[in-house]
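Peer 1: Numbering (the numbering used here), first residue to last: 2 to 122. Here it is: the structure, laid out below.
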Amino acid sequence: MTIDFLSAALTLMERGWLAIPLVNDSNGFPKRPITDDWTNLTLTEDTIRSLPWPNAMGLGIVLGPAAGNLAVLDIDHPGLAELLLPLLDTRAVRTIRKRGHIYVKEYLPSRSTAFDVLWEG
């Protein structure tokens, strides 16, 4: 099955989100941007169409101001993601590794921050 990442990226553009093509990382997961200057891209149809979609193994969404201050909370525990995601009243998805992403819009964009949450001991 071939996935039309370009069409998906154009659909996401209609939501105000900038999608970029991804290739596999060293663990074999599509998590690495193909384009080195992805942080400087702007949300236009020309930009999206200019990206190397035929080489894509996945699709990523650029967060922050390029996406109207879209932000993501990563849930890196499969069990916690399975419990939380069905309870949420916001956009949330399961990732390829059965973890979770919770999408929110921020009033002002924040810096990326990592923190640990203790769950089930």
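Backbone N, C-alpha and C fix where the C-beta goes; we use that ideal spot for every residue, glycine too.
Let me check understanding here. Comparing Cα to Cα, which of 96, 71, 82 and 33 lies closest to residue 113?
Peer 2: Within the sequence shown, residue 113 is the residue found at index 112, counting from 1. Closest option to residue 113, Cα to Cα, is 71.
Peer 1: Between the C-alpha atoms of residue 33 and residue 42, what's the straight-line distance to the nearest angstrom?
Peer 2: Stepping through the sequence shown from its first residue, residue 33 is reached at position 32. Stepping through the sequence shown from its first residue, residue 42 is reached at position 41. Near 16 Å, if we compare the C-alpha coordinates of residue 42 and residue 33.
Peer 1: Looking only at DSSP bridge pairs, what is residue 31 linked to?
Peer 2: On the sequence shown, residue 31 is found 30 positions in, with the first residue counted as 1. Its beta-bridge partners are 25.
Peer 1: Indicate the three-state DSSP secondary structure (helix, strand or coil) for residue 75 in the structure shown.
Peer 2: Here the question's residue 75 lines up with position 74 in the sequence shown. Note: residue 75 maps to strand in three-state DSSP.
Peer 1: Given this structure, state the Cα-to-Cα distance separating residue 46 from residue 119, to the nearest angstrom.
Peer 2: Position 45 of the sequence shown, counted from the first residue, corresponds to residue 46. Position 118 of the sequence shown, counted from the first residue, corresponds to residue 119. Approximately 42 Å, taken between the alpha carbons.
Peer 1: Please work out which residues of its chain come closer than 8 Å, Cβ to Cβ, to residue 53, disregarding the five sequence neighbours upstream and downstream, and give them in chain order.
Peer 2: The count along the sequence shown starts at 1 and reaches residue 53 at position 52. Around residue 53: 22, 35 and 36.
Peer 1: Is the beta carbon of residue 6 closer than 7 Å to that of residue 82?
Peer 2: Here the question's residue 82 lines up with position 81 in the sequence shown. Here the question's residue 6 lines up with position 5 in the sequence shown. Cβ distance not < 7 Å, so residue 82 and residue 6 don't count as in contact.
Peer 1: Alpha carbon to alpha carbon, how far is residue 86 from residue 100? Give it in angstroms, no decimals.
Peer 2: As a position in the sequence shown, residue 100 is number 99, starting the count at 1. As a position in the sequence shown, residue 86 is number 85, starting the count at 1. Roughly 10 Å between the two C-alpha positions.
Peer 1: Per DSSP, which residues does residue 95 bridge with? Please list them.
Peer 2: Residue mapping note: residue 95 aligns to position 94 of the sequence shown, counting from 1. According to DSSP, residue 95 bridges with 101.
Peer 1: Along the chain, where does the alpha helix (DSSP H) that runs through residue 13 open and close?
Peer 2: In the sequence shown, the residue the question calls residue 13 occupies position 12. First-last of the alpha helix (DSSP H) with residue 13: 6-15.
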